[in-house]
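S.K.: This is the structure I want to talk about, given as structure tokens.
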Amino acid sequence: NISPPSSTAVQLLPESHVVERYETWKQDFAEEDSSEMFVVWGLTPGDTGDHNNPELVTDLLADLDWDPSSREAQRWLLDFCNATASDPAAPRATDIGCPLRDMDDWLVDSAAAGQPRCGGVSRLAV
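With the numbering used here applied, the sequence shown covers 652 to 777.
In structure tokens form, the structure reads like this:
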């Protein structure tokens, strides 16, 4: 008596193979309710660590040309945060931290409470 397959997945490699372990990890990750993502600006790629000593980590290399002070840059960063939060693949929007959105909320709330900040602006960009 032959029973139908329990899934459409086909395993061609042994479970110990790195590709099969990745597939298992990917399925486990997709089933979790939360995940983390960090996006960092203002750094230059580079490795200053000792390639022969993994205990010594690299330094962060600042991108001295990165300047988020313009209105356009702040608007773009805030729009990026909002677009990321509204993406269907993103975790719940309340779980997504964005310092620029937090600052914008603070400016809006302060202005609404009659306590404007940052020279009286009520929203980003400042």
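Heads up, the beta-carbon is just placed ideally off N, CA and C, and yes, glycines get one too.
With burial defined as no fewer than 16 other Cβ atoms inside 10 Å of the residue's Cβ, what is the status of R722: buried or exposed?
M.R.: R722 should be labelled exposed.
S.K.: Got a sec, what are the start and stop residues for the alpha helix (DSSP H) V759 sits in?
M.R.: Looking at the DSSP string, the run of the alpha helix (DSSP H) that includes V759 is P750 to A763.
S.K.: Starting from F731, follow the alpha helix (DSSP H) in both directions and report where the run begins and ends.
M.R.: Element bounds for F731: R722 to S737.
S.K.: Express the C-alpha separation of G700 and G771 in angstroms, rounding to a whole number.
M.R.: G771 and G700: Cα-Cα distance of roughly 45 Å.
S.K.: Relative to the alpha-carbon of L711, which residue among A724, Q725, P696 and N704 has its alpha-carbon at the smallest distance?
M.R.: The candidate whose alpha carbon is nearest that of L711 is P696.
S.K.: Measure from the alpha carbon of A776 to the alpha carbon of each residue in A736, L728, G748 and T735, then state which is nearest.
M.R.: Per the Cα distances, L728.
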